[in-house]
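What follows is one structure encoded as structure tokens, with my remarks underneath.
Protein chains: 2
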Amino acid sequence: MHEFNETENKILDAAAQVFLEQGKAGARTQTIAELAGINKALLHYYFRTKEKLYEIVTERIIRKVLGNVLGNLDETQEFETWLPKFIHNYLYTIATNPMASRFMLWELEAGGSRVAQIVREVVNMKSLEDNPFYRIINRAVQEGKIRPVEPEQLIISMIALCVFPFVARPLLEKVIPGLDIRSESFLQSREKAITEMILHGICPA
Amino acid sequence: MHEFNETENKILDAAAQVFLEQGKAGARTQTIAELAGINKALLHYYFRTKEKLYEIVTERIIRKVLGNVLGNLDETQEFETWLPKFIHNYLYTIATNPMASRFMLWELEAGGSRVAQIVREVVNMKSLEDNPFYRIINRAVQEGKIRPVEPEQLIISMIALCVFPFVARPLLEKVIPGLDIRSESFLQSREKAITEMILHGICPA
DNA sequence: GTCTATAACCGGATAGAC
DNA sequence: GTCTATCCGGTTATAGAC
Chain A
0 MHEFNETENK ILDAAAQVFL EQGKAGARTQ TIAELAGINK ALLHYYFRTK
50 EKLYEIVTER IIRKVLGNVL GNLDETQEFE TWLPKFIHNY LYTIATNPMA
100 SRFMLWELEA GGSRVAQIVR EVVNMKSLED NPFYRIINRA VQEGKIRPVE
150 PEQLIISMIA LCVFPFVARP LLEKVIPGLD IRSESFLQSR EKAITEMILH
200 GICPA
Chain B
0 MHEFNETENK ILDAAAQVFL EQGKAGARTQ TIAELAGINK ALLHYYFRTK
50 EKLYEIVTER IIRKVLGNVL GNLDETQEFE TWLPKFIHNY LYTIATNPMA
100 SRFMLWELEA GGSRVAQIVR EVVNMKSLED NPFYRIINRA VQEGKIRPVE
150 PEQLIISMIA LCVFPFVARP LLEKVIPGLD IRSESFLQSR EKAITEMILH
200 GICPA
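The following block contains the structure:
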């Protein structure tokens, strides 16, 4: 990754904010320039085109978040200690990086290739069997610690349970009165609910 | 809801397709007009502006899907028969209406007010306690059929587990080789995984 | 109602001075 | 490196004939 000078960083910060609020197509280079305290021409001088600027902005943020969440999965831990830690880290990383979810959604709509590429890089895997998730789950199954679930399904479910509230946040907060997805109390409830659901479902105690 | 004549319907169908592929900002009225077999002027004659057209298109599709999924929740059924039916219906409704997920995401990004309004209308609820979901879960808890979970959390989890694979489809299919989210075999696996996870988690049989 | 032609506008990108 | 001024392409929207 490049090093950026002070002006470039001002532009990148402003761009992140405006892209986040307006979307790629909706964002105006004029607005970005104003927010950065410079003018359009300078923006083009540094980043050539709006498209290029967008790519750099989103890639940095996505890489940072995915690196944190997927970057160092410790396969050596026992499943029952690993899972709660993973959930906690995932949940709080998303909560403290609200931009990442939206950018990732937009990338999904654009086909998802760039995110997929980043995922492959940070997870550093070649095949599915090579995936740390997959290995951790498979080992737990073989050791009889969990039911013989399909690893893909469990992986998808873990991610879904963590990510979805943030993706659907505006809707959920409007439909469920008083809900505040980013509040500490919700995060704690959510963490507990996810861990318990994965470990025990809703069967009576 | 309005009735639309033949030309209007041609425009609406074309618009749905183009908005879906290009997004609201990316869509060109020219493209929509061509696909509908008419010209831009006529499009404006019927719908005034692109903005207005977009609102009508998205509202119709979202209303249709949400109506199907949330419209007639039968509260009288027992929880353990109700849940699998709900999951099945939800999953297959999303799978057969791929447009709805994307439009709903865009609406979320736009603040989610319109979807929230539609949700309130089709669920026909005033407060959270008025929500059929909430009542079904609360009854099951009181009858001791399930653990005393927080209803909001369980509702969010159910929706998350169903919706997420479709939202993240492009990424998942790129990262997990050979995965086809919309295939019958994936849908069956997914349905089983969701139902089992909610009912029993992953505790060993 | 439906078309062609065009107006009016907006926004990204560049030229060129400093 | 940074600015002002301007260009130019593309897009929505409308005027006006049929």
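So the protein lines, in turn, are chains A and B. Quick note on numbering that gives the first Met the number 0: the first sequence kicks off at 0 and runs consecutively. Quick note on numbering that gives the first Met the number 0: the second sequence kicks off at 0 and runs consecutively. Glycine is no exception: its CB is placed at the ideal position from the N, C-alpha and C atoms.
Test: residue i CB closer than 8 Å to a CB of chain B
i                : result
Arg101 (chain A) : yes
Val118 (chain A) : yes
Ile135 (chain A) : no
Pro203 (chain A) : yes
Met196 (chain A) : yes
His1 (chain A)   : no
Leu104 (chain A) : yes
Option in the options with minimal Cα separation from residue i
i                : options                                : result
Ile61 (chain B)  : B:Glu149, B:Thr6, B:Thr92              : B:Thr92
Ile86 (chain B)  : B:Pro97, B:Leu72, B:Met98, B:Arg138    : B:Leu72
Thr28 (chain A)  : A:Tyr53, A:Thr6, A:Asn8                : A:Tyr53
Phe185 (chain A) : A:Arg168, A:Trp81, A:Lys9              : A:Arg168
Asp129 (chain A) : A:Phe46, A:Lys39, A:Glu74, A:Ser188    : A:Glu74
Ile155 (chain B) : A:Val140, A:Pro147, A:Gln152, A:Ser188 : A:Ser188
Gln116 (chain A) : A:Arg146, A:Leu160, A:Gly66            : A:Gly66
Glu195 (chain B) : A:Phe18, A:Arg146, A:Ile136            : A:Arg146
Glu58 (chain A)  : A:Glu20, A:Gln76, A:Glu120             : A:Glu120
Leu82 (chain A)  : A:Glu190, A:Cys202, A:Ile201           : A:Glu190
Leu171 (chain A) : B:Gln16, B:Val68, B:Glu5, B:Leu127     : B:Leu127
Pro164 (chain A) : A:Leu42, A:Glu20, A:His43, A:Pro97     : A:Pro97
Asp12 (chain A)  : A:Asn4, A:Ile136, A:Glu50, A:Ala35     : A:Ala35
Ile37 (chain A)  : A:Glu20, A:Thr48, A:Lys63, A:Glu7      : A:Glu7
Ala109 (chain A) : B:Lys173, B:Gly111, B:Ile201, B:Ala192 : B:Lys173
Residue-level contact to chain A via CB, residue i, 8 Å cutoff
i                : result
Ile108 (chain B) : Looking at the sequence provided, one finds Glu at residue 108 (chain B) rather than Ile. With 8 Å as the cut-off, Glu108 (chain B) counts as an interface residue toward chain A.
Ala115 (chain B) : yes
Leu11 (chain B)  : no
Arg189 (chain B) : yes
Ile24 (chain B)  : The residue you asked about is not Ile; residue 24 (chain B) is Ala in the sequence shown. Yes, Ala24 (chain B) counts as interfacial toward chain A.
Ala192 (chain B) : yes
Gly66 (chain B)  : no
Leu127 (chain B) : yes
Leu69 (chain B)  : no
His199 (chain B) : yes
Met186 (chain B) : Before going further, note that residue 186 (chain B) is Leu rather than Met in the sequence given. No, Leu186 (chain B) does not count as interfacial toward chain A.
Leu90 (chain B)  : no
Residue i beta carbon near the ligand SAH (any heavy atom closer than 7 Å)
i                : result
Ile158 (chain A) : Only the bare structure without any ligand can be found here, which leaves the ligand SAH out of the picture.
Limits of the alpha helix (DSSP H) - the one that residue i falls within
i                : result
His1 (chain B)   : His1 (chain B) -> no alpha helix (DSSP H), and no H or E assigned at all.
Asp12 (chain A)  : 5-25
Pro169 (chain B) : 168-174
Lys51 (chain B)  : 49-69
Ala99 (chain A)  : 97-108
Ile37 (chain B)  : Unbroken run through Ile37 (chain B): none, as it is neither H nor E.
Asn137 (chain A) : 131-141
Leu186 (chain B) : 183-199
Arg146 (chain A) : It is not in any alpha helix (DSSP H) - Arg146 (chain A) carries neither H nor E in the DSSP assignment.
Query raised in the report: Closer than 9 Å, Cβ to any Cβ of chain B: which residues of the stretch 144-159 of chain A, in chain order?
Result: Within the stretch 144-159 of chain A, the qualifying residues are Lys144, Ile145, Arg146, Pro147, Val148, Glu149, Glu151, Gln152, Leu153, Ile154, Ile155, Ser156, Ile158, Ala159.
Report task. Using a Cβ-Cβ cut-off of less than 9 Å, give me the residues of the stretch 163-183 of chain A that come near chain B, in sequence order. Result -> Flagged, chain order: Phe163, Pro164, Val166, Ala167, Arg168, Pro169, Leu170, Leu171, Glu172, Lys173, Val174, Ile175, Pro176, Gly177, Leu178.
**Report entry** Contact between the stretch 174-186 of chain B and the stretch 101-117 of chain B (3+ Cβ pairs under 8 Å)
**Finding:** The stretch 174-186 of chain B vs the stretch 101-117 of chain B: no contact.
Query raised in the report: Does the stretch 10-25 of chain B come within contact of the stretch 16-28 of chain A, defined as at least 3 CB pairs closer than 8 Å?
Result: A contact is defined here as three or more CB-CB pairs under 8 Å, and the stretch 10-25 of chain B meets this definition with respect to the stretch 16-28 of chain A.
Query - Contact the stretch 148-167 of chain B vs the stretch 95-102 of chain A: 3+ CB pairs below 8 Å - result: Counting C-beta pairs closer than 8 Å gives fewer than three between the stretch 148-167 of chain B and the stretch 95-102 of chain A, which falls short of the contact rule.
Query - Under 7 Å (Cβ pairs) to chain A, residues found in the stretch 27-43 of chain B - result: Of all residues in the stretch 27-43 of chain B, none has a Cβ within less than 7 Å of some Cβ in chain A.
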